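Novice: For reference, each letter of the sequence shown is one residue, going 600 to 826 in my numbering.
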Amino acid sequence: MGDLEKSFRYPLTGEGWGPKFAFGGILYVLGSLLGFLPWMGWIFCILIAFLPLGYAYKVFRDHLGGAGGPLPAWADWGELFTMGLFVFLLSLGYWIIPGLIYWLGKALWDSGGFAAFLGVLFIILGLGVGLVAFFLLPMALAFYARQNESFTAAYRWSGIVEKIWVVQREYFIGWLACLIFLLVLLFVRTYFLYVGWVLHAFGVFYLSLAAAHLFGCLCRQGMEANR
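#1: Taking contact to mean at least 3 C-beta pairs separated by less than 8 Å, is the stretch 654-672 in contact with the stretch 613-632?
#2: With a threshold of 7 Å on Cβ separation, who are the neighbours of residue 623 within its own chain once the five nearest residues in sequence on each side are excluded?
#3: Closer than 7 Å: is that where the CB of residue 668 sits relative to any heavy atom of the ligand GTP?
#4: For residue 658, which residues from the same chain have a beta carbon less than 8 Å from its beta carbon, with the 5 sequence-adjacent residues on both sides left out?
#5: Could you check whether the stretch 685-698 touches the stretch 738-745, counting it as contact only if at least three pairs of C-beta atoms, one from each stretch, sit closer than 8 Å?
#6: Can you tell me where the alpha helix (DSSP H) with residue 742 in it begins and where it stops?
#7: Excluding the 5 residues flanking residue 717 on each side, which residues of the same chain have their C-beta closer than 7 Å to its C-beta?
#8: Under DSSP, the alpha helix (DSSP H) around residue 814 begins and ends at which residues?
#9: Can you have a look at residue 607 and say buried or exposed, based on whether 16 or more other CB atoms are within 10 angstroms of its CB?
#10: Would you kindly check if the distance between the Cβ of residue 770 and the Cβ of residue 817 is under 8 Å?
#11: Distance check for residue 806 and residue 766, CA to CA, integer angstroms please.
#12: To the nearest angstrom, how far is it from the Cα of residue 722 to the Cα of residue 788?
#13: Can you tell me where the alpha helix (DSSP H) with residue 675 in it begins and where it stops?
#14: Taking the alpha helix (DSSP H) that residue 752 falls in, what are its first and last residues?
#15: Distance check for residue 704 and residue 759, CA to CA, integer angstroms please.
#16: Is it buried or exposed for residue 697, if we count other Cβ within 10 angstroms and need 16 for buried?
#17: Can you grab the Cα-Cα spacing for the pair residue 715 / residue 709, in whole Å?
#18: Is the CB-CB distance between residue 800 and residue 690 below 8 Å?
#19: Since residue 760 is in the alpha helix (DSSP H), which residue starts that stretch and which ends it?
#20: Among 745, 798, 768, 692, which has the Cα closest to the Cα of residue 780?
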């Protein structure tokens, strides 16, 4: 539990953490604002999100490599954008199947009748597969980062499961804590108008940094064991 506490304190510690953290949160808020624009707003929202996503991946990669240290400076914007783009595409590869299953379930549910019963089954299946994808993703990112950022490395599931098994207890606790935190953020955004929306944006950035620190360290331990 000490590692978990240290990771959740990480985004709010170290020299100059305040401006660095605030800037990432503001980017998420800006992206959410742009998302309200008609027609093309969602595209701008995603494009803006690549920057803080790339920043969190940089934190993850630094701790995966053992570099550690406080929050890095906001620099090399082109690199941050590119890293965020590739992490987004990698994550999309993990989420697209459960997303399609869930979407099919919703469509069947809306049809009514016996199709609605099948829809419930597909919705449950989609959520279950999504949780599995969410569980595997941190170690998949570690494989991606360690093997010259190769997309194929991120889908070597047998190796990914093997490395997770080495640090299974800490990994599971970290995954569960992140899942609960994410559900709390969704609750805040849904039931607290305006303020909850801003808190959600900053909370997502905070969670991405805490998770990057935690799983960067855990994945390093798992990948370096028995070498």
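Glycine included, each C-beta is placed from N, C-alpha and C at the ideal position. None of these values were measured; they are calculated from a predicted model.
Specialist: Once the coordinates are examined:
#1: yes
#2: Excluding sequence neighbours, residue 623 sits near 651, 654, 804.
#3: Ligands in the displayed structure: none, and consequently the ligand GTP is not present.
#4: 670, 671, 808, 811, 812, 815
#5: Touching, yes.
#6: 713-745
#7: 707
#8: 794-823
#9: buried
#10: yes
#11: 21 Å
#12: 22 Å
#13: Careful: residue 675 lies outside any alpha helix (DSSP H) and carries neither H nor E.
#14: From DSSP, residue 752 is part of no alpha helix (DSSP H); its letter is neither H nor E.
#15: 29 Å
#16: buried
#17: 7 Å
#18: no
#19: Looking at the DSSP string, the run of the alpha helix (DSSP H) that includes residue 760 is 756-765.
#20: Comparing Cα-Cα distances from residue 780 to each of 745, 798, 768, 692, the minimum goes to 798.
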